[in-house]
Amino acid sequence: MDIVKLAISNARLTIAVLVFLILAGAVAYQSTPKEAEPDVPIPMMYVSLIYQGISPEDSERLLLRPMEAKLKSLKGLKEMRSAAFQGGGYVLVEFQPQTDLATALQDTRSKVQDGKADLPQAA
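Just so you know, the sequence shown maps onto residues 75 to 197 in my numbering.
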């Protein structure tokens, strides 16, 4: 017998099962622990590069590309994003969730120091 025909022929049973499933779902939802603001650490670093008077195009070429080249070799790197603006730019470095933040911070600082040699002197 087809399941649709069975559901139609036993309409009361179908409605009872539907009501039971809705109530069970509501009880399960209410009993699931939730937090309004869960404490989830996001392993990210923000590297700011300032050079007064530089255009966004020059900022990308002179500041961001050399710094990205240094930072892309960081251990545990998940994603790297950057943006250039009038007078500078920034690089946002995101690490894998299991990455130790203290080590990542130390490595990032080291790479930034190494990258400063490739930047214009006033940056």
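Using N, Cα and C, we set each Cβ at its ideal position, and we do this for glycine too.
This one's a predicted model, so the numbers in the text were calculated from it and none came from an experiment.
{"Check": "Residue span of the alpha helix (DSSP H) that contains V114, given as start and end", "Outcome": "Note, V114: premise wrong, no alpha helix (DSSP H); not H, not E."}
{"Check": "Option in A157, S184, P171 with minimal Cα separation from V114", "Outcome": "P171"}
{"Check": "Residue interval of the beta strand (DSSP E) (run including K144)", "Outcome": "No beta strand (DSSP E) contains K144, which is instead part of the alpha helix (DSSP H) from 139 to 145."}
{"Check": "Buried versus exposed call for G99 [16 or more other C-beta atoms within 10 Å across all chains shown]", "Outcome": "exposed"}
{"Check": "A191 burial status per 10 Å Cβ neighbour count (16 or more: buried)", "Outcome": "exposed"}
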